[in-house]
Amino acid sequence: MAGIIPGITAALFYIITIYILCKSKPNYGPPGPGSTFREKIAALKPCVDILILIVLVLGGLMAGWFTPSEAGAIGAFGAIVISLLRRRITWKGFVDGGIQLMKTTGTIYTVLIGAMVLTPFIAMTNIPKALAEYVAGLPLDPLAIVGVILLVYIVLGCFMDTPPMTALTIPIFFPIIADLGFNPVWFGVLFVRMMEIGMITPPVGINVFVLAGLNKDLPMETIFKGIIPFLISDICHVVLVFFFPVFSLWLPSLL
Numbered sequence: 103m104a105g106i107i108p109g110i111t112a113a114l115f116y117i118i119t120i121y122i123l124c125k126s127k128p129n130y131g132p133p134g135p136g137s138t139f140r141e142k143i144a145a146l147k148p149c150v151d152i153l154i155l156i157v158l159v160l161g162g163l164m165a166g167w168f169t170p171s172e173a174g175a176i177g178a179f180g181a182i183v184i185s186l187l188r189r190r191i192t193w194k195g196f197v198d199g200g201i202q203l204m205k206t207t208g209t210i211y212t213v214l215i216g217a218m219v220l221t222p223f224i225a226m227t228n229i230p231k232a233l234a235e236y237v238a239g240l241p242l243d244p245l246a247i248v249g250v251i252l253l254v255y256i257v258l259g260c261f262m263d264t265p266p267m268t269a270l271t272i273p274i275f276f277p278i279i280a281d282l283g284f285n286p287v288w289f290g291v292l293f294v295r296m297m298e299i300g301m302i303t304p305p306v307g308i309n310v311f312v313l314a315g316l317n318k319d320l321p322m323e324t325i326f327k328g329i330i331p332f333l334i335s336d337i338c339h340v341v342l343v344f345f346f347p348v349f350s351l352w353l354p355s356l357l
C-alpha cells in the first residue's frame, strides 16, 4: 500500500520527462495522426483480453493469491493462450520465441552471476558495515543522516545486487532510522527507490549492463546518456517523497 502513490507519482515524473524530451527534440516522438474519441474506444476492443490478463496478474499479486514469480508465470501462460486463441502464433514462432528467451535469460543471468560473485568479496572487505557505522556516527541533523544513508545506497547499488545489499545494510540502518524517530515504512519506500537508482547509476549500474547485453548494437555510452534525464527524474521524485512522507504513509494510515 505504501508504494502505490509513490509509484503513481514516479510514473507521472517519467511522463513529464518524456514530454519535455519530445518537445525539445521532436524526432524522439513525432506526433501521430489524430483520432476521435469513438475511434480510441474502438481501438481498445481488441485489447480487452490483454487488459483482463493484466488485471488478473496485478490484482492477484496485490490480493496475495500468488507470489511475484507465480504472477509472472501466470502472465506468460495467459499471453500464450491469448496468442493461440487469436491464431497469432505458430509452432515455429513458439520455438523461436523459446530460443530467444533462453538467450535473453542467459545474458541477464551472466551479469547477475557476476554480481553475486562480486558481492561476497565486497562483504569480506567489510565496506558496507564500515559505511553504515560511519554514517551512524555523523554529528548531523536526523534528516541529514537519512540523506547520507540514501547516498550510500546509490554507491552500493552500482556494484551489488539488491538481495545482498538488503541483507548487509538493513540490519544496521533500520535501528538507526527507528532511533531517529522516522517511520520505517517511509524509509522502506525510499530504500527501494534508491536501490533502483543505484542499479542504473554510472559508471557501473548493473541494469545498464543487462540492457547492453540485450542490445548488442547499442553502445554503453549511448545507454548512459539516454538514462540521464530519467535518473534526474528519479532523484527529483525521491526528494519529493523524502520531504513529504504523506505520499508513502497516507494509504497505510487508512488501514
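Everything in the sequence shown is counted per the numbering used here, starting at 103 for the first residue and increasing by one.
The C-beta atom is built at its ideal place from N, Cα and C for all residues, glycine as well.
For residue i and residue j, which I take to be in contact (beta-carbon distance under 8 Å), what is that distance rounded to the nearest angstrom?
i    : j    : result
T169 : L342 : Their Cβ separation, rounded to whole angstroms, is 30 Å, which puts T169 and L342 out of contact at 8 Å.
I329 : I302 : 5 Å
S355 : W288 : Not quite, the Cβ-Cβ distance comes to about 11 Å (not below 8 Å), so this is no contact.
I152 : I184 : 7 Å
F115 : C338 : 6 Å
R295 : V254 : About 14 Å; that fails the 8 Å criterion.
Do residue i and residue j have their CB atoms nearer than 8 Å?
i    : j    : result
I325 : I256 : no
T119 : F332 : yes
L361 : A173 : It is not possible to answer for residue 361, since the shown part of the chain is limited to 103 through 357.
A104 : V291 : yes
M218 : T264 : no
C124 : G134 : no
L282 : I247 : yes
W352 : I107 : yes
C260 : G216 : no
V250 : L240 : yes
G136 : V159 : no
Going by DSSP, what residue range makes up the alpha helix (DSSP H) through residue i?
i    : result
A112 : 106-126
G239 : Note, G239: premise wrong, no alpha helix (DSSP H); not H, not E.
W167 : From DSSP, W167 is part of no alpha helix (DSSP H); its letter is neither H nor E.
K142 : 139-146
P354 : 348-355
Would you say residue i faces chain B, with C-beta separation under 8 Å as the test?
i    : result
F196 : Structure shown: chain B not included; a single protein chain is present.
Segments assigned alpha helix (DSSP H), at least 4 residues, entirely inside the segment 275-331: 286-300, 308-316
At least three beta-carbon pairs within less than 8 Å, the segment 316-325 to the segment 265-284: no
Sequence ranges, alpha helix (DSSP H) only - wholly within the segment 158-195, length at least 4: 170-187
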